[in-house]
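Visitor: Below is one structure. I have some questions about it.
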Amino acid sequence: MIGVGKIKQYSNVLDKPLNKGKQEVSLSAFAFLFSELVQYNQTQVDNIAELERRLEDAGYAVGARVLELLCHRERGNRRETRLLGILSFVHSTVWKILFGKVADSLEKGTEHEDEYMISEKELLVNRFISIPKDMGTFNCGAFVAGIVRGVLDGSGFPAVVTAHFVPMEGQQRPRTTILIKFAEEVLRREARLGG
Amino acid sequence: MIVCVAIVGHQNNPLYIQSFTEGDDALKLHHVVHCSLDVVDERVNNPKKSGPMLNETYLGLLYPTENYKVYGYLTNTKVKFILVTTDLDVKDADVRNFFRKFHAAYVDAVSNPFHVPGKKITSKTFAERISTIVKAFGLSSAG
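First to last, the protein sequences are chains A and B. The numbering of the first sequence is the working numbering, which starts it at 1 and goes up by one. The numbering of the second sequence is the working numbering, which starts it at 196 and goes up by one.
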């Protein structure tokens, strides 16, 4: 997904360009790799919750590194200290780097103050996956949820991030929603900064 | 002449310390780096109430000691880069340039899937790149 550190034959390390984006990986290569990742984890665990947790941990490692990379590539990037700032950063910049487009929508949850949702009609990772009935509510988007959690955690916004299917009328495949629930201290800090 | 570079994690744990002179006591340099962390924290936690200054990555000259100058740089993940130099006339643009290359090397080192975030950086490639960058800095500012 990201091609940093492609060492070409440069005589001097200082001549190496600080890589810009636009490095593309084939979709099928990624799909194979991801399916292998899921299958490998499936043989290691006994239940669904554990599988989801493992995928999320894998995503967390990716998220932490993506954050470092993006902060370096974006010249003049300011450190995000506000909630809306970091959310729009995840929603546009991170999604653009990972999936080539911005996320479909970003919404604020109505029931709780600390919940936000990023929705996508068709998550890239779920495109070639169909969940068997006996897996219940398992969603491979847990990997993407882990990535978001890694990015938020690294920026200082601890949160619990999960992925859910939301059935939509008029579409046969349900929409995927990433639900972000921020920790207490984030809300307190936000109130302190904003108020 | 750069005498020391250091990378400190977001919980003020050291991730990488490298000194480039044999004469000076390495412990004294560690101590200087440690004191500079306090200055960084002070700058971060007391917002000067001016928006653009608060979120800048490059922190500039942290404090001058008797024969060293200490520069700081803060990334988005609260990882701090500390640079200790004995040059008296080093230009701001040079230091910014140095930190940019340093950040690039750091991002590459962290992208290593075998690197555990929070542990020390043990990659030899990283150490080599850092020494190259340091040498280049010495040459450019001497001229």
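All C-beta atoms, glycine included, are put in the ideal place defined by N, C-alpha and C.
Please identify, using Cβ separations under 9 Å, the residues of the segment 196-219 of chain B that lie next to chain A, in order along the chain.
Guide: 205
Visitor: Kindly identify the DSSP beta-bridge partner or partners of residue 259(B).
Guide: Position 64 of the second sequence, counted from the first residue, corresponds to residue 259(B). When beta bridges are read from the DSSP output, residue 259(B) appears opposite 264(B).
Visitor: In this structure, does DSSP put residue 87(A) in helix, strand or coil?
Guide: If you number the first sequence from 1, residue 87(A) lands on position 87. Helix.
Visitor: For residue 67(A) and residue 154(A), which I take to be in contact (beta-carbon distance under 8 Å), what is that distance rounded to the nearest angstrom?
Guide: Position 67 of the first sequence, counted from the first residue, corresponds to residue 67(A). Position 154 of the first sequence, counted from the first residue, corresponds to residue 154(A). Confirmed, Cβ separation roughly 4 Å.
Visitor: For residue 248(B), name the three-state secondary structure that DSSP assigns.
Guide: In the second sequence, counting from the first residue as 1, residue 248(B) sits at position 53. In this prediction, residue 248(B) scores a pLDDT of 44, lower than 50, which makes its location untrustworthy; no coordinate-derived value is stated.
Visitor: What separation, rounded to the nearest whole angstrom, lies between the Cα atoms of residue 244(B) and residue 265(B)?
Guide: What you label residue 244(B) is simply residue 49 of the second sequence in a count that begins at 1. What you label residue 265(B) is simply residue 70 of the second sequence in a count that begins at 1. Low confidence applies here, because residue 244(B) scores a pLDDT of 40, under 50, leaving its location unreliable and the question unanswered by this model.
Visitor: Runs of 4 residues minimum, wholly inside the segment 277-330 of chain B: which ones carry the alpha helix (DSSP H) assignment?
Guide: 287-305
Visitor: According to DSSP, is residue 102(A) part of a helix, a strand, or is it coil?
Guide: In the first sequence, counting from the first residue as 1, residue 102(A) sits at position 102. Coil.
Visitor: Shorter than 7 Å from the beta carbon of residue 183(A) to some beta carbon of chain B?
Guide: Working through the first sequence from its first residue, we reach residue 183(A) at position 183. Closer than 7 Å: no.
Visitor: For a contact defined as C-beta to C-beta under 7 Å, what are the partners of residue 228(B) on chain A?
Guide: For the purposes of this step, residue 228(B) is taken as residue 33 along the second sequence, with counting starting at 1. Within chain A, no residue comes near residue 228(B); the closest Cβ sits about 21 Å away, beyond 7 Å.
Visitor: Which residue wins for smallest C-alpha separation from residue 297(B), given the options 112(A), 73(A), 98(A)?
Guide: Numbered from its first residue, the second sequence carries residue 297(B) at position 102. If we check each option's Cα against that of residue 297(B), 73(A) comes out closest.
Visitor: Please work out which residues of its chain come closer than 6 Å, Cβ to Cβ, to residue 175(A), disregarding the five sequence neighbours upstream and downstream, and give them in chain order.
Guide: Numbered from its first residue, the first sequence carries residue 175(A) at position 175. So the qualifying residues of the chain are 119, 121, 166, 168.
Visitor: Please report the residue range of the beta strand (DSSP E) in which residue 200(B) lies.
Guide: Your numbering for residue 200(B) matches position 5 in the second sequence. Taken as a continuous stretch (DSSP letters only), the beta strand (DSSP E) holding residue 200(B) covers 197-203.
Visitor: Using beta-carbon positions only, say whether residue 215(B) and residue 202(B) come within less than 7 Å of one another.
Guide: Here the question's residue 215(B) lines up with position 20 in the second sequence. Here the question's residue 202(B) lines up with position 7 in the second sequence. Going by C-beta atoms, residue 215(B) is not nearer than 7 Å to residue 202(B).
Visitor: Just grab the DSSP bridge partners of residue 65(A) for me.
Guide: Taking the first sequence and counting its residues from 1, the one referred to as residue 65(A) is at position 65. In the DSSP assignment, residue 65(A) forms no beta bridge with any residue.
Visitor: Can the beta-carbon of residue 143(A) be found closer than 7 Å to that of residue 48(A)?
Guide: On the first sequence, position 143 is the one that residue 143(A) refers to. On the first sequence, position 48 is the one that residue 48(A) refers to. No, they are not a contact pair.
Visitor: Taking just the CA atoms, how far does residue 141(A) sit from residue 126(A)?
Guide: For the purposes of this step, residue 126(A) is taken as residue 126 along the first sequence, with counting starting at 1. For the purposes of this step, residue 141(A) is taken as residue 141 along the first sequence, with counting starting at 1. Answer to the nearest angstrom: the Cα atoms are 7 Å apart.
Visitor: Based on the DSSP secondary-structure assignment, which residues constitute the bridge partners of residue 197(A)?
Guide: Absent from the structure is residue 197(A), since the part of chain A shown begins at 1 and ends at 195.
Visitor: Any beta carbon from chain B within less than 7 Å of residue 149(A)'s own beta carbon?
Guide: Residue 149(A) sits at position 149 when you count from the first residue of the first sequence. Output row for residue 149(A): interface = no.
Visitor: Could you run through the segment 270-287 of chain B and flag, in chain order, every residue whose CB is less than 9 Å away from some CB of chain A?
Guide: 270, 271, 272, 273, 274
Visitor: Can you grab the Cα-Cα spacing for the pair residue 306(B) / residue 70(A), in whole Å?
Guide: If you number the second sequence from 1, residue 306(B) lands on position 111. If you number the first sequence from 1, residue 70(A) lands on position 70. C-alpha separation (whole angstroms): 12 Å.
Visitor: Is the segment 270-280 of chain B close to the segment 24-37 of chain A, with three or more CB pairs under 8 Å?
Guide: no
Visitor: Tell me whether residue 46(A) is buried or exposed, calling it buried when 16 or more other Cβ atoms sit within 10 Å of its Cβ.
Guide: Numbered from 1 along the first sequence, position 46 holds the residue referred to as residue 46(A). The residue is exposed, with fewer than 16 neighbouring Cβ atoms inside 10 Å.
Visitor: If you draw a straight line from the alpha carbon of residue 332(B) to that of residue 289(B), how long is it in whole angstroms?
Guide: As a position in the second sequence, residue 332(B) is number 137, starting the count at 1. As a position in the second sequence, residue 289(B) is number 94, starting the count at 1. Answer to the nearest angstrom: the Cα atoms are 8 Å apart.
Visitor: Compare the C-beta of residue 69(A) against all C-beta atoms of chain B and say whether one is closer than 7 Å.
Guide: The count along the first sequence starts at 1 and reaches residue 69(A) at position 69. So, interface residue.
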